[in-house]
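Residue numbers (the working numbering), protein chains in the order written: chain A, 1 to 506; chain B, 1001 to 1512. Think of the CB as a built atom: it goes at the ideal place given N, C-alpha and C, for glycine as much as any other residue. Everything on this sheet refers to the single structure shown next.
What follows is the structure in structure tokens.
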């Protein structure tokens, strides 16, 4: 592979890095120029759009013959080639996913950030870099690369969480996030080192080969290694019991960051988890990880939902809700069907669920941001009488909440249909039943918001005039949530095709 | 491609929703009358479908299109003799409810009419869908509008929000259980086609799972019907809902459960249904008798009628249980089971027009007096003679007086059940006696008979706040007239509707 080919394969990442740098630079140049500073979010969004275009360019180059196109550090430079990343369906899917997150969050952040902090440019640049780290993590095929990109993601997330430096809650959230993250990533690294020690390689595929080959004598190391890796990734996804940081971080962080954190890092965690388990440890599915993941899924769904019942702050409520949502997604991995012919392999359910969750959760947060921009806080009581104050936001929020519950015709229903379908198919009936019981329980706290919006009486009947851009973002998300359910075929295709290779390597 | 009747019937209300959403909220007159007029289109089309329908011709007006290929989900619609009366009932009650509400709904008019039309789409969709995914989507679509109708327009003293979320949660518990069962069925048969699945023997290889799936689906429909002991959402929801909402709840939403039992549960799992028929029969008896007894104990007129629904839908369940219990018995039980099933289907239709009517009539008195306390009335036959007459006729239809609709279906159910499960039928008869007691004693006597007391009346009726005529106003008579007509028609000459139902139910039974 020549250097040019190598760089071409990295085009999306390169474009995104360049965009982040440009935003940094412009911020410096326009430091005192308030009028021009308003354009920064648009540059960030433009960067994300260009990254999307670059992703479309490299899409056809993704490995097609059932093998991921791996490329290596040192290739084209004459050194020893160590495969680090792959360009396969999964990587492409998460590149697109990340770009969508960046665009939606970038569009909805403008007014909020302008109101709350004078340090604008870094915010968007950091967000783009966090996006970059998600792309890298989801494409990484090597333990070292996985660790570096996850760490990269963590550090940018810490900074973003503590971005409101005058707000003690923001700082507190960031500190908690950081301390917890430091511990979790150390544990994960230790787990990786055990894997390396047992197999003598950090390449995921090579680990699987080594484990299958019989040269490994310390098989008992695999379980602790896997559990430790799960701790680090579970921290990113906010799986119980690695979730304690998330409510505080979510509540304290600037709301656009909360939106980002509730979707981006989760997706990265799931991408890495899926790739790690399927590529490196496929042989241990039945013995180890299917059961462990099912257990974690059950605890995560149940705890997230039960604690959410008591929340009065919407950001905190959505934090617990997103913990529960991650539990549903995990069902997809736990109930993975080894044969890929079926309509739901668990894996495609996971991706579909993530995709539905992207629009649903970001939409819900966009509504929260729009309201917070006007009322200054995000308590459930701020939603009182929303149907009178802004029918548009109220109806959109209703759609998002229904999607989070999983009621058709919304995207969340399709996601649940696929992951619960996978559970039934794998005869994990208990897992499916716990899942649906949790869906019902979750209605109660989503209802708290619905009831305020439609039945509650606002103290102040003043209409909430959301900015046009917020209305646009909310509207697009709502339309997508409905479209994914009503015109599901392309989205199911996308999810299924994206995991084809991963499933084939299984 | 034939003329897409069913698509139009289902989605014209949705188109109306979009248009209503675009009308400014302060144009209340326009919103009201536009909704009423548009709702006539599905009504006319459903009559047209009924006229064109060939009894005995199986599923008709079929429409099929690929929807989600990877999921093998199709857009499939069709009607037979079991669904046609229910589609018509839905369209009729929706039009009447909208018409009635045009006079009585004063706040948040736009939302009300919008949600009502959305609800109509969901309900009709359930009755015409022939694909499980589509069925499920429609099943859930109706949930949210009804939830909001109860919560927003309920009377504050009836705890509408509590009732609304209770209704939502109960229904959702059932439907998610049903969803898992549908998935299990799909995984063994590879199709969501409701007409094909019975012949493929869903879950035949896994008897344990089949039993679990049977009960999961049963739970969903039993909650909706509702059967004791999962009926507790009903009195709350019916009492709290605005008049039109109660009419639709009792008139149509309960039938979604009944329809599901006939269209899905019985054909998918006939063996399991037969196996458990004695137990379900006991639940049906408890619903009938317990519902009637609790009705009799109520002093709130609306709650009384709400509980009477539990009792009357128990007749329906007894009918279908009898049909299921006799599945592999040869003639003459075959005729008995067809009779029982016919009775059950007709009971759904009759209960829709009768109890729907009763809820309208509760609305009539409630709008005037703002109370439903039976002790507050008395001797009103002098004051409101027309209302008395209409209420008497509807009440008599409800208690099964020969010559009125209720009698025919109850007779058929008991005639069928008596041959198949005589003990059940004999015990069930008690419910009919109890119904007569609470209708005549509790409702008619307490409200209309006895001494009229001007003092009592002036305590509840304030002429300042009532702008229509004291006795039933013209719009109230117009609302009730079609329902009275059908009570009489079905009571005197049920052949047209029974022919349609009978052809479908014998076809269904002989296919099992």
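Taking Cβ positions only, does residue i come closer than 8 Å to chain A?
i: residue 1184 of chain B; result: yes
i: residue 1177 of chain B; result: yes
i: residue 1189 of chain B; result: no
i: residue 1064 of chain B; result: no
i: residue 1136 of chain B; result: yes
i: residue 1011 of chain B; result: no
i: residue 1017 of chain B; result: no
i: residue 1168 of chain B; result: yes
i: residue 1155 of chain B; result: no
i: residue 1550 of chain B; result: Because chain B spans 1001 through 1512 in this model, residue 1550 of chain B falls outside it and cannot be assessed.
i: residue 1197 of chain B; result: no
i: residue 1151 of chain B; result: yes
i: residue 1509 of chain B; result: no
i: residue 1256 of chain B; result: no
Grab the span of the alpha helix (DSSP H) containing residue i for me, first residue to last.
i: residue 1054 of chain B; result: Here residue 1054 of chain B belongs to no alpha helix (DSSP H), and DSSP marks it neither H nor E.
i: residue 299 of chain A; result: 290-308
i: residue 152 of chain A; result: 143-161
i: residue 1018 of chain B; result: 1005-1022
i: residue 468 of chain A; result: 468-486
i: residue 236 of chain A; result: 222-237
i: residue 1483 of chain B; result: 1474-1492
i: residue 459 of chain A; result: That residue, residue 459 of chain A, is in no alpha helix (DSSP H); it is neither H nor E in DSSP.
i: residue 446 of chain A; result: 429-454
i: residue 245 of chain A; result: 245-252
i: residue 1502 of chain B; result: 1495-1511
i: residue 1410 of chain B; result: 1405-1420
i: residue 34 of chain A; result: 34-37
i: residue 425 of chain A; result: 411-425
i: residue 1457 of chain B; result: 1454-1460
i: residue 1382 of chain B; result: 1380-1383
Compare the C-beta of residue i against all C-beta atoms of chain B and say whether one is closer than 8 Å.
i: residue 482 of chain A; result: no
i: residue 463 of chain A; result: no
i: residue 18 of chain A; result: no
i: residue 407 of chain A; result: yes
i: residue 122 of chain A; result: no
i: residue 78 of chain A; result: With a pLDDT of 49 at residue 78 of chain A, under the threshold of 50, the predicted position of this residue should be treated as unreliable, and no value is reported.
i: residue 451 of chain A; result: yes
i: residue 222 of chain A; result: no
i: residue 424 of chain A; result: yes
i: residue 360 of chain A; result: no
Which residue or residues does DSSP assign as beta-bridge partners of residue i?
i: residue 1075 of chain B; result: B/1065
i: residue 379 of chain A; result: A/313
i: residue 1193 of chain B; result: B/1131
i: residue 1236 of chain B; result: Looking at the DSSP assignment, residue 1236 of chain B forms no beta bridge with any residue, so it has no partner.
i: residue 27 of chain A; result: Its beta-bridge partners do not exist; DSSP assigns none.
i: residue 140 of chain A; result: A/85
i: residue 1300 of chain B; result: B/1373
i: residue 166 of chain A; result: None, per the DSSP bridge assignment.
i: residue 497 of chain A; result: Per DSSP, none; premise fails for residue 497 of chain A.
Could you name the residues of chain E that residue i contacts, counting a contact when the two beta carbons are closer than 9 Å?
i: residue 488 of chain A; result: Of the protein chains in this structure, namely A and B, none is chain E.
Do the stretch 1391-1400 of chain B and the stretch 1429-1437 of chain B make contact, defined as three or more Cβ pairs closer than 8 Å? Yes: the two stretches touch, three or more of their Cβ pairs being nearer than 8 Å.
For the stretch 39-50 of chain A against the stretch 96-107 of chain A, are there 3 or more C-beta pairs whose distance is under 8 Å? Short answer: they touch.
Could you list the residues in the stretch 342-354 of chain A with a C-beta less than 7 Å from some C-beta on chain B, going in chain order? Flagged, chain order: 343.
Could you tell me whether the stretch 206-218 of chain A touches the stretch 178-190 of chain A, using the rule of 3 or more Cβ pairs below 8 Å? The stretch 206-218 of chain A, when compared against the stretch 178-190 of chain A, does not touch it at the 8 Å Cβ threshold.
Touching or not, the stretch 1353-1360 of chain B and the stretch 1248-1255 of chain B, by the rule of three or more beta carbon pairs under 8 Å? Cβ pair count under 8 Å is three or more, so yes.
Taking a Cβ distance cut-off of 7 Å, strictly less, list which residues of the stretch 389-423 of chain A are near chain B, in chain order. Interface annotation for the stretch 389-423 of chain A against chain B: 402, 407, 408, 409, 420 and 421, criterion Cβ-Cβ distance under 7 Å.
Specify whether the stretch 242-251 of chain A and the stretch 349-368 of chain A touch according to this definition: at least 3 beta carbon pairs, one from each stretch, less than 8 Å apart. In short, these stretches do not touch, since the Cβ pair count stays below three.
Mind checking the stretch 241-274 of chain A against chain B and listing, in chain order, the residues whose C-beta falls within less than 9 Å of any C-beta there? With the criterion set as a beta carbon lying under 9 Å from some beta carbon of chain B, the stretch 241-274 of chain A has no members that meet it.
Give a yes or no on contact between the stretch 123-134 of chain A and the stretch 151-159 of chain A, applying the rule of three or more CB pairs nearer than 8 Å. Taking a contact to require three or more Cβ pairs closer than 8 Å, the stretch 123-134 of chain A and the stretch 151-159 of chain A qualify as touching.
Stretch-stretch touch, CB-based, cutoff 8 Å, three pairs: the stretch 377-393 of chain A with the stretch 108-126 of chain A: Look at the beta carbons and you see the stretch 377-393 of chain A not touching the stretch 108-126 of chain A: under three pairs across the two are nearer than 8 Å.
Is the number of C-beta pairs between the stretch 1065-1078 of chain B and the stretch 1099-1106 of chain B that are closer than 8 Å three or more? Flag = no, the stretch 1065-1078 of chain B and the stretch 1099-1106 of chain B do not touch.
What residues in the stretch 19-35 of chain A bring their beta carbon closer than 7 Å to a beta carbon of chain B? Residues: none.
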